[in-house]
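Below is one structure, written out as structure tokens; the observations come after it.
In the working numbering, the protein residues as written are 179 to 491.
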């Protein structure tokens, strides 16, 4: 026990130092130091849905994204849609309430921006079950498109990539279902951007914020944009395939479609994500979750890839 407390104290101290540096360094300066270029392209004034499989996914994997995109100054409206109650251990009702508390802690406008689907027949909380792609796509269509002829009520959908971060079959299923939903919209001339959270190998996954340096120096992509004025979270666009600027048909507003995004939480962002896990999701705080909070890069770093650019009609 003494060794565990000692290691935790050291790890927390190092993490605090690194994240404090990121918080006191302006986003422009940080991107300039890392790769020498900066600009100001961000997701603003967008209707965004974070699609997750289980209560606590939003805190364990997407906290930097939710914190960054829900900042009031961005003008975004962020919602969370969870396709199960996480009832594998009979705690579904409790975990639903925990998710709502966590979402509000992470910056959602209110409790009514969290939606939880309770359909264990189609979407069981299981480490071995794959969820049907067509059922996920159909559910998304019913949630975000009231009828086939209507426009979608979201602009951006964020979920796991094809590896699911942890190879969880439920996570991977969301990726395929979301792609099917977006492709269906594209065939009808409607546009919803799908961003997928990048999976990394197990070594990178557990080096916390230090994976930022691995990400930068192992990639041929260059940072070309940074945002996030308070240091709690920073948004960086990656130059792999250039994002697009398009005008919204009805408002003539220029809408940005970055091809990739990087969100890095500062110390205050990490503390908020930690609180969302430890205080909101108390039922899930077994011993190894404390280690996850300290060492997982997903508590402080999210890099998202624009998986599908739907074509404007």
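Beta carbons are placed, not taken as given, at the ideal position from N, Cα and C, and that holds for glycine.
If we count the other Cβ atoms within 10 Å of its Cβ and call it buried at 16 or more, is residue 336 buried or exposed? Counting the other CB atoms within 10 Å of its CB gives residue 336 a total of 16 or more, which places it among the buried residues.
Helix, strand or coil: how does DSSP classify residue 474 here? Coil, per DSSP.
Using 8 Å as the cut-off, can you tell me whether the region 358-371 makes contact with the region 251-264, which would need three or more C-beta pairs spanning the two stretches below that distance? No, they do not touch.
Check whether the Cβ atoms of residue 311 and residue 354 sit closer than 8 Å, and answer yes or no. Result yes, Cβ atoms of residue 311 and residue 354 sit closer than 8 Å.
Could you check what DSSP says for residue 453 in three-state terms: helix, strand or coil? The answer is helix: DSSP assigns residue 453 an H, G or I state.
CB residue 314 to CB residue 352, shorter than 8 Å? In this structure, residue 352 lies closer than 8 Å to residue 314 by Cβ.
Is the beta carbon of residue 439 closer than 8 Å to that of residue 469? In this structure, the beta-carbon distance from residue 469 to residue 439 does not fall below 8 Å.
Distance, residue 326 Cα to residue 471 Cα: Taking C-alpha positions only, residue 471 is separated from residue 326 by approximately 42 Å.
For residue 225, I'd like the list of residues in its chain whose CB is within less than 6 Å of its CB, leaving aside the five on either flank, ordered along the chain. So the list reads 255, 332, 333, once near-sequence residues are dropped.
Alpha carbon of residue 458 to alpha carbon of residue 241, nearest angstrom: If you take the alpha carbons of residue 458 and residue 241, they lie about 13 Å apart.
Whose C-alpha, out of 456, 461, 382, 395, is nearest the C-alpha of residue 476? For the options 456, 461, 382, 395, the alpha carbon positioned closest to that of residue 476 is the one of 382.
Neighbourhood of residue 473 by C-beta distance below 6 Å, restricted to the same chain and skipping five residues each side: Exclusion of the five residues before and after residue 473 leaves 384, 386 as the residues of its chain whose Cβ lies within less than 6 Å of its Cβ.
How close, in whole Å, do the beta carbons of residue 236 and residue 269 come, if the pair is a contact with beta carbons under 8 Å? Residue 269 and residue 236 do not touch by the CB rule: their CB atoms are close to 17 Å apart, not below 8 Å.
Return the CA-CA distance between residue 123 and residue 461, expressed in angstroms with no decimal places. There is simply no residue 123 to check, as the chain begins at 179 and stops at 491 in what is shown.
Determine which residues share a DSSP beta bridge with residue 374 and list them. Listed as beta-bridge partners of residue 374 by DSSP are 337, 483.
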